[in-house]
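Heads up: the structure comes next, in structure tokens.
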Amino acid sequence: MCYGPIQPGNSRGIGPIFQLRSVLFGVLLSAGPIAVLGHGLAGTGPVFTGAILAIPTALLLLLGDWRAFRPHICDLLFAGFVLLAAASIAVNGVPDDSKDVFLLALSLAAYPAARVSGRDLFAGGTFAATALIALVGAGATAIALAEQWTWNHGKPLVFGVFDAAPTQFAMLLGVPVLMAACSGKLTTRQHLIVALVAAAPAVVFGASLVRFTFAALAVALAAAVFFRPAGAGRRSVMLLASIVIAAGVLGFAARSHHAGILLHHLATATDLAPIAPDARLHLPDPADAGRCPPIDIDNSIAIRKQLYIDAIAAIPGAGLLGIGLDRFAAQSCIKGFTPHNSFLQATIEFGWPAGLLLILLLAMSFGRHAIARARVSAAFRFASCGLVYFSLLALAHGQISSDLALFLLFGYAAELEAARGEIVSARMLRPSAAIV
2 MCYGPIQPGN SRGIGPIFQL RSVLFGVLLS AGPIAVLGHG LAGTGPVFTG
52 AILAIPTALL LLLGDWRAFR PHICDLLFAG FVLLAAASIA VNGVPDDSKD
102 VFLLALSLAA YPAARVSGRD LFAGGTFAAT ALIALVGAGA TAIALAEQWT
152 WNHGKPLVFG VFDAAPTQFA MLLGVPVLMA ACSGKLTTRQ HLIVALVAAA
202 PAVVFGASLV RFTFAALAVA LAAAVFFRPA GAGRRSVMLL ASIVIAAGVL
252 GFAARSHHAG ILLHHLATAT DLAPIAPDAR LHLPDPADAG RCPPIDIDNS
302 IAIRKQLYID AIAAIPGAGL LGIGLDRFAA QSCIKGFTPH NSFLQATIEF
352 GWPAGLLLIL LLAMSFGRHA IARARVSAAF RFASCGLVYF SLLALAHGQI
402 SSDLALFLLF GYAAELEAAR GEIVSARMLR PSAAIV
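With the first letter of the sequence shown counted as 1, position 259 gets the number 260 in this note's numbering; the numbers rise by one all the way through.
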């Protein structure tokens, strides 16, 4: 991970401030799902969404230990990215939907919020908050799924509106599952309990045709197994992972008709099968007819394929400060869509240097001693696995103005390196060291 000065002392949480930090961390990770639930259950609007993002961030910044802050390489990389993003917006102008600038600012503010809030954000408050919201979200999704089981659209519209909600709730479910997998204190029985509780929502989300999120979670759980010392609960974590992923696959298989449609979509997107004659086609604008093919708008694979083609083609013309926030959506073959890949979007809209800094920030957040440190500390293990998880999600579902969780994990990983209580000495890096 990023290398900086490790301060002496002990920041282990005692008292209400520590507990509040942990809960706020969980609320921030749950911000998107909370906004969906608030809108669906209470008719809340953008003001509520903004408050869910801004208030926890402001409190974490206010309660953070600024006196112990010492900047290091990750902080410099992040600051450079922020400056380039701001310069790009200043030069290219504010996007038509100006609220995306506000959302971007809040997403970026998650980095310093986690950076100064201490290593003990990996704690019960975060686990409880994320687990609770994920379970409530699973209940709302299950109701919609029961009503829309045979609908051709496939993914249920939660509250009759949000077809992206099942994916958001499934992403959140991965957080408490990963926390349990990374813990050095849970017994096999406790891992089994977490797995069985998580299995029910996993079935619901699998039946909601959430796919890539389970793939990303499987990779992150495999990392959690790998990062544990040999014999230190690896089998129970493998059991946890197997149950949760199998539950998602079972849910997916339960809707075999829609699974068959998705397989046909895959064949269509890879040119192994023709587009179905009854497909709902998005026809390109006349000016784009020469370069843009018709796209089945119910085929998420074909949509992403075209977006990636358009994004890669746009990189050479991005220049030093990019084309501006949200400008890609007006230039792609499918108007109104971002690249669905945060790293590509940053490179195109903020410029090559910004994209490079974001990739370097990800690389430096792991660092050369990531494996050794993750094997002696549950906090480091969660930071590493969390970065694996959210980075993979950013490759398929990312939108730079809404990637709060990714920047939160960046800041958290950086804080662990400079944390006052997390002293990783040469003695701790030996394989025989005890798990924290």
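Note that CB positions come from ideal geometry on N, CA and C, so glycine has one too.
DSSP places I296 within a strand segment (E or B) once states are collapsed to three. Excluding residues up to 5 positions away in sequence, A312, F329, T339, P340, G399, Q400, I401 lie with their Cβ nearer than 8 Å to the Cβ of Q346 in the same chain.
Looking at the backbone, the Cα of T127 and that of V205 are separated by about 23 Å. Here the alpha carbon of C75 sits roughly 15 Å from the alpha carbon of G356. With contact defined as three or more Cβ pairs closer than 8 Å, the region 108-124 and the region 154-161 are not in contact. Shown here, L222 sits in a helix according to DSSP, grouped into three states. Judged by their CB atoms, V176 and L30 are nearer to each other than the 8 Å cut-off.
In summary, L284 is exposed, with fewer than 16 beta-carbon neighbours lying within 10 Å of its beta-carbon over all protein chains present. Counting the other CB atoms within 10 Å of its CB gives R71 a total below 16, which places it among the exposed residues. With contacts defined by Cβ atoms closer than 8 Å, L282 and I262 do not form a contacting pair. If you draw a straight line from the Cα of A91 to the Cα of A106, it is about 14 Å long. T188: not part of any alpha helix (DSSP H); DSSP gives it neither H nor E. When the Cα atoms are used, G207 and A69 turn out to be separated by approximately 44 Å.
In the three-state reduction of the DSSP assignment, H40 falls in the helix class. Taking the C-beta atoms as reference points, L393 is found no nearer than 8 Å to V137. Beta-bridge analysis with DSSP links L282 to D297. In the structure shown, V137 falls within a helical segment according to DSSP collapsed to helix, strand and coil. Shown here, V159 sits in a strand according to DSSP, grouped into three states.
Straight-line spacing of the CA atoms in G323 and E350 works out to 4 Å. In the three-state scheme derived from DSSP, where H, G and I count as helix and E and B as strand, R229 is classed as coil. Excluding the 5 residues flanking it on each side, P275 has same chain C-beta neighbours closer than 8 Å at T269, in chain order. One thing to note: H192 has its Cβ within 8 Å of the Cβ of S237. C-alpha of A379 to C-alpha of A139: approximately 27 Å in a straight line.
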